[in-house]
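Participant: Below you will find the structure I want to go over with you.
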Amino acid sequence: MPLDADCPAQYARIGMRPRAWSVSFLVALALAMTLIGCRKKKTEDRLATQLALGGAHSCAVMKDLSIRCWGDARGATKAPIPTRVVGRWMFRQVVTGRSHTCALVSDGSSESRVICWGGNAAGQCGAAPSKDDEREDILELDAVELAAGGDTTCARTKDGEVSCWGALAGTHVPTKVALAHAEQIAVGGGHACVRVTDGRALCWGDNAHGQLGTGNLTPSAAPLAVPGLANVARIATGNAHTCARIGDEKAMCWGKNDAGQLGDGTTTERPSPVQVGHIAGAVQLSLGGDTSCARMQDAAVMCWGRNAEHQLADSTTTDRPEAALVFGVFDVVETAVGAAHVCVRFKDARVRCWGGNTEGQVGDGTTLERGVPVDVKFPAAAP
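Each residue of the sequence shown is one higher than the one before, counting from -12 in the numbering used here.
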């Protein structure tokens, strides 16, 4: 900070020697900058940049590249308010399954790694199946994207290859899936899907409810293209249903529909894609359990499907087979849906959640079911 030539003289008039003033000023300036830096860091560990919701837990990557989780994560945390995940890593992405959590991390180098913790009964954390929920497993994978659901985890490399481990793969060892040119992955309760570079959607795994979109109920260990579906922009998976956002921003869904989670106005199971009604301009689809939500072009949120624990935030517990606006939620930049709860992240990085809260997964400091959105209570400083 340059000083005016007159400054020494000005301060001399109040009895300060120029040199003494300079030293004092620099010390004060350094202290001020330190305090500003500390304040900035404390602020950044309360600003969320990405959300992930699991069976009964929630996690968020923060602006300072830390992670906070809340709810029941089988050893990661059991708390109704966000708790910092301890580690030396810089967290780039977090994903959640039924009872486990994985993150894409780096240690400051250009290489990325995958770490997982929580439930590992099917090897979904990348280690031999175990009941030890307190462990943390590190996988040396050069991944650029992760996805998790049920008891399965998958990773995509920059070359478009996909590897999975856990229940869907039948092993704890990351195993390559027979596909190429993947651009996005999604994992459901017992199935997985990818979007490939030519705009198609490929799915594999359990198909008891038609969640693979192949027009039948036959499961497949190999990825199969969803017939008649093209120009896919993003794909999302729930417990046993799947949805895709098409290039013109309409939404198509298929699979289980007992709670109306396909949004076609019925509760009829659909083994082939059907269009979601009452939605125009969806920019993000989020699925979890038997509930579906969409973030719209105007930054509002619409949800449909299962509502037994107030997942739709409409003051009822009645399932809804048609999309409806979530009132009082605007300026949303991200939605996330868990097994029975929903969270949204706002433009200003605040997070609000609602729905089932038996394990504190809503993050408001209680275990009370929430029928309307409530603020997640991020601590003022890292505990």
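Here a beta-carbon is modelled for each residue, glycine too, at the ideal position from N, C-alpha and C.
Does DSSP classify E356 as helix, strand or coil?
Facilitator: Position 369 of the sequence shown, counted from the first residue, corresponds to residue 356. E356: coil per DSSP, three-state reduction.
Participant: Is it the case that the Cβ atoms of S279 and G250 are separated by a distance below 8 Å?
Facilitator: Walking along the sequence shown from the start, residue 279 turns up at place 292. Walking along the sequence shown from the start, residue 250 turns up at place 263. Between S279 and G250, the gap from beta carbon to beta carbon is short of 8 Å.
Participant: Around the Cβ of K243, are there at least 16 other Cβ atoms within 10 angstroms (buried) or fewer (exposed)?
Facilitator: Position 256 of the sequence shown, counted from the start, is the residue given in the question as residue 243. Buried, by the Cβ-count rule.
Participant: Comparing alpha-carbon positions, which option in D51, R143 and E321 lies nearest R33?
Facilitator: Residue 33 sits at position 46 when you count from the first residue of the sequence shown. Nearest option by C-alpha distance: D51.
Participant: Spell out whether any CB of chain D is found under 8 Å from the CB atom of V174.
Facilitator: In the structure shown, chain D does not exist; there is a single protein chain.
Participant: In the DSSP assignment, find the beta strand (DSSP E) that holds Q111 and state where it starts and stops.
Facilitator: In the sequence shown, the residue the question calls residue 111 occupies position 124. It is not in any beta strand (DSSP E) - Q111 carries neither H nor E in the DSSP assignment.
Participant: Can you look up E132 in the DSSP assignment and give me helix, strand or coil?
Facilitator: Along the sequence shown, one-based indexing puts residue 132 at 145. Looking at E132 - three-state DSSP - the assignment turns out to be strand.
Participant: Hey, how far is the Cα of G74 from the Cα of A154?
Facilitator: Residue 74 sits at position 87 when you count from the first residue of the sequence shown. Residue 154 sits at position 167 when you count from the first residue of the sequence shown. Computed Cα separation, rounded: 27 Å.
Participant: Taking the beta strand (DSSP E) that P161 falls in, what are its first and last residues?
Facilitator: What you label residue 161 is simply residue 174 of the sequence shown in a count that begins at 1. Run containing P161: T158 to K163, per the beta strand (DSSP E) assignment.
Participant: Considering only the alpha carbon of each residue, which of S45, T354, R293 and M49 lies closest to D335?
Facilitator: Residue 335 sits at position 348 when you count from the first residue of the sequence shown. Taking only the C-alpha atoms, the option nearest D335 is M49.
Participant: Going by DSSP, what residues sit across from I266 in a beta bridge?
Facilitator: The residue given as residue 266 occupies position 279 in the sequence shown. In the DSSP output, where bridge partners are listed per residue, I266 has none listed.
Participant: Suppose contacts are defined by Cβ-Cβ distances below 8 Å. Is R339 in contact with V361 by that definition?
Facilitator: Locating residue 339 in the sequence shown gives position 352, counting from the first residue. Locating residue 361 in the sequence shown gives position 374, counting from the first residue. Taking 8 Å as the Cβ cut-off, R339 and V361 qualify as a contacting pair.
Participant: Near R79, what residues of its chain come up, given a Cβ to Cβ distance below 8 Å and the 5 sequence neighbours on each side ignored?
Facilitator: Locating residue 79 in the sequence shown gives position 92, where the first residue counts as 1. Closer than 8 Å at the Cβ level, and outside the excluded window around R79, lie V48, L52, A90, L91, V92, S93 and S99.
Participant: Quick one: Cα of L128 to Cα of C46, how far?
Facilitator: To locate residue 128, count along the sequence shown from 1; it is residue 141. To locate residue 46, count along the sequence shown from 1; it is residue 59. The alpha-carbon atoms of L128 and C46 are separated by roughly 22 Å.
Participant: Using the DSSP secondary-structure output, state which residues sit across from T224 in a beta bridge.
Facilitator: By one-based count along the sequence shown, residue 224 stands at place 237. According to DSSP, which records beta bridges pairwise, T224 is partnered with T229.
Participant: Quick check on DSSP: helix, strand or coil for E31?
Facilitator: For the purposes of this step, residue 31 is taken as the residue at position 44 of the sequence shown. Helix.
Participant: Can you list, in chain order, the residues of its chain with a C-beta nearer than 8 Å to that of A286? Leave out the 5 residues immediately preceding and following it.
Facilitator: In the sequence shown, residue 286 corresponds to position 299, counting from 1. The beta carbon of A286 sits closer than 8 Å to the beta carbons of F317, D318, V319, V320 and K334 from its chain, once the five residues preceding and following it are set aside; these are given in chain order.
Participant: Tell me the rounded alpha-carbon separation between M77 and G202.
Facilitator: In the sequence shown, the residue the question calls residue 77 occupies position 90. In the sequence shown, the residue the question calls residue 202 occupies position 215. Distance between the alpha carbons of M77 and G202 is about 43 Å.
Participant: Using only the alpha-carbon positions, how far apart do P260 and Q198 sit?
Facilitator: Looking up residue 260 in the sequence shown gives position 273. Looking up residue 198 in the sequence shown gives position 211. When rounded, the distance between both Cα atoms is 9 Å.
Participant: Taking V81 as the reference, which of G41, A109 and E170 has the closest Cα?
Facilitator: Here residue 81 is taken as the residue at index 94 of the sequence shown, counted from 1. Ranking G41, A109 and E170 by Cα distance to V81 puts G41 first.
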